[in-house]
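With the working numbering applied, the sequence shown corresponds to residues 526 to 962, in that order.
From the three backbone atoms N, C-alpha and C, an ideal C-beta is built for every residue, glycine too.
Inspection log for the structure reproduced underneath, given as structure tokens.
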Amino acid sequence: MIPFFSPAEQAALVQWYEVAFATPPSALPFSFRYGDRAFAEVAPSWEASAKDTGGGRLLTFRDPATGLEVTCEVRRFDDFAAVEWVLYFRNTGEQDTPILADIQALDTAFALPREQPARVHHAKGSDCGIDDFAPLVDDLNPTANAPQTGWRGAGNPLVFGTHGGRSSNGALPFFNVELGGGRGVIGAVGWTGDWTARFWRGDGGEVHAQAGMRRTHLKLLPGESIRSPRMLLLFWEGDRLRGHNALRRLILAHHSPREGRELERAPISFAVWGENRAERQLGKVRWFAEHAIPIDNFWIDAGWHGDGEYKDSSNVFNSAWGAHVGNWWPNKTPYPDGLGPIGEAVRAAGMDFTLWLEVERVFRGTQFTREHPEWLLGPLGDNSLFNLGDPEARGALTDLVSSVIEQAGVTVYRQDFNMDPAPFWEAADAPDRVGIS
Numbered sequence: 526m527i528p529f530f531s532p533a534e535q536a537a538l539v540q541w542y543e544v545a546f547a548t549p550p551s552a553l554p555f556s557f558r559y560g561d562r563a564f565a566e567v568a569p570s571w572e573a574s575a576k577d578t579g580g581g582r583l584l585t586f587r588d589p590a591t592g593l594e595v596t597c598e599v600r601r602f603d604d605f606a607a608v609e610w611v612l613y614f615r616n617t618g619e620q621d622t623p624i625l626a627d628i629q630a631l632d633t634a635f636a637l638p639r640e641q642p643a644r645v646h647h648a649k650g651s652d653c654g655i656d657d658f659a660p661l662v663d664d665l666n667p668t669a670n671a672p673q674t675g676w677r678g679a680g681n682p683l684v685f686g687t688h689g690g691r692s693s694n695g696a697l698p699f700f701n702v703e704l705g706g707g708r709g710v711i712g713a714v715g716w717t718g719d720w721t722a723r724f725w726r727g728d729g730g731e732v733h734a735q736a737g738m739r740r741t742h743l744k745l746l747p748g749e750s751i752r753s754p755r756m757l758l759l760f761w762e763g764d765r766l767r768g769h770n771a772l773r774r775l776i777l778a779h780h781s782p783r784e785g786r787e788l789e790r791a792p793i794s795f796a797v798w799g800e801n802r803a804e805r806q807l808g809k810v811r812w813f814a815e816h817a818i819p820i821d822n823f824w825i826d827a828g829w830h831g832d833g834e835y836k837d838s839s840n841v842f843n844s845a846w847g848a849h850v851g852n853w854w855p856n857k858t859p860y861p862d863g864l865g866p867i868g869e870a871v872r873a874a875g876m877d878f879t880l881w882l883e884v885e886r887v888f889r890g891t892q893f894t895r896e897h898p899e900w901l902l903g904p905l906g907d908n909s910l911f912n913l914g915d916p917e918a919r920g921a922l923t924d925l926v927s928s929v930i931e932q933a934g935v936t937v938y939r940q941d942f943n944m945d946p947a948p949f950w951e952a953a954d955a956p957d958r959v960g961i962s
């Protein structure tokens, strides 16, 4: 790909990179607490190594006293003024580690004279509201247009993040820190759970940025390992929207699915309500084929599963489909022969077959609550959370989903998730294992 950066942007990246990932380390762009001390305090007594990997660096730190090993994998892009990294924590010792806490995958500062302004552009995530994904901007200092805005120091940082356990629930995992006029840094948090970000001005004017998991206060068992969010920083100069376009191009180039060299095209799908008779579904498939309608996917959504009483006039709002989340077999009333005949008809019509499932939420009284409650977290109210952190449970669920796919002839898997997982994780965590679930 043709490089998308200016000399000034590349210079800004290099200047930050060579300090952040220097050997020996002096200003690492992440932080955590180990025992009752900050990593920066204990790091000089740890074993450390660093090597260039061609496309970045690999930093390794090991506490000889406890066996905790911390690895930082760094990737520096050659076609963008950008860098990303991820941390791995592994207990190589024979005893539990001391408490590992407050893991901030990003903890860095950007130089800026005190008299120059700084602001953070970010966006709402989704709460199923009319203002989902609305753009937001917060100044870190008083401005002419908002003189009442206070100085955002260490004691009153700008804080935003997700809630409920899903990575875009309430806030999108992206931010753009505008530094003075005409330059800045875009950040992205690569994580599938809750995260929190903080920004403030230092006494000298520098802009501090932190981002990481919302809650970590845990010991690692012998042989156990965890990872941090993957952090991305992209440096831009000039118009702020140039930075946004650079991020868009980077995601397309390096973090988007491809078929060979070509980007995957989003399929055109026709979605149907699942609580519907098989002959009607087959009729729709035949109609599309007979009229040569250019549909890529025939999609059966919720309502096809379980043993609920069939309603001929049901829809997503008046059906009891939610009470059968956890019973993953075709309802025999509308689908007496299962979903296989529909999958065969869809394939014969030259389309892919998409099937909806929601396997992480398990409603009371369904199969797993009766047969394997030890595989579930909760219940909280009517719902339990399938514990994907349990290898036995995860294997059984994989086998179940695989059998549904095979029997129905499914070619596109569609997974939904209609509840917040964080309350289940938090209820399951012991005081010395906060964040591990």
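Query                                                                                                          : Result
Nearest residue (CA-CA) to Leu-910, options Val-611, Val-884, Met-738 and Glu-896                              : Val-884
For Val-608, the residue or residues it bridges with in DSSP                                                   : Arg-601 and Leu-758
From Gly-875, Ala-575, Phe-888 and Glu-640, residue whose alpha carbon lies closest to that of Gly-730         : Glu-640
C-beta atoms of Leu-880 and Arg-939 nearer than 8 angstroms                                                    : yes
Backbone secondary structure at Lys-744 - three-state DSSP                                                     : coil
In DSSP terms, what Glu-784 is bridged to                                                                      : Glu-787
Coarse secondary structure for Ile-655, derived from DSSP in three states                                      : coil
Cβ-based neighbour list, Phe-614, same chain, cut-off 7 angstroms, excluding 5 preceding and 5 following       : Leu-593, Val-595, Leu-625, Leu-745, Ser-750 and Ile-751
Proximity winner among Met-756, Gly-695 and Gly-560, relative to Asp-588 (alpha-carbon distances)              : Gly-560
Per-residue burial, Gly-828 [other beta carbons within 10 Å of its own, 16 or more giving buried]              : buried
Assumed close pair Ile-867, Leu-807 - CB separation to whole angstroms, cut-off 8 angstroms                    : 6 angstroms
Three CB pairs or more closer than 8 angstroms across the stretch 561 to 581 and the stretch 710 to 726        : no
Cβ pair Leu-758, Val-608 closer than 8 angstroms                                                               : yes
Bounding residues of the beta strand (DSSP E) (the contiguous stretch that carries Pro-969)                    : A query on residue 969 cannot be resolved here, the shown segment of the chain reaching from 526 to 962 and no further.
Three-pair Cβ contact test at 8 angstroms for the stretch 645 to 664 versus the stretch 618 to 635             : no
Alpha-carbon to alpha-carbon, Ser-551 and Ala-643                                                              : 25 angstroms
Sheet register partners of Glu-834 (DSSP bridge)                                                               : Beta-bridge pairing links Glu-834 to no other residue.
Contacting residues, own chain, Cβ-Cβ under 7 angstroms from Phe-529 (five flanking each side not counted)     : Asp-604, Phe-605, Ala-771 and Arg-774
Nearest residue (CA-CA) to Glu-598, options Thr-591, Leu-683, Arg-582 and Leu-922                              : Arg-582
Inside the stretch 791 to 863 only - beta strand (DSSP E) runs reaching at least 3 residues                    : 794 to 797 and 822 to 825
Own chain residues within Cβ distance below 7 angstroms of Gly-768, not counting five before or after          : Asn-701, Gly-709, Ile-711, Leu-759 and Trp-761
Burial state of Gln-629 (16 or more Cβ within 10 Å)                                                            : buried
Alpha helix (DSSP H) runs contained entirely in the stretch 866 to 892, provided each spans 4 or more residues : none
Where the beta strand (DSSP E) through Thr-585 begins and ends                                                 : 581 to 587
Best match in Ile-961, Asn-908, Leu-902 and Gly-875 for proximity to Arg-889 [C-alpha to C-alpha]              : Asn-908
Distance between Asp-627 and Asp-812 (C-alpha atoms, nearest Å)                                                : With the sequence shown as reference, residue 812 is identified as Trp, and Asp is not the correct amino acid for it. Whole-angstrom Cα-Cα distance: 57 angstroms.
Val-935, buried or exposed, once every other Cβ within 10 Å from all chains shown has been counted against 16  : buried
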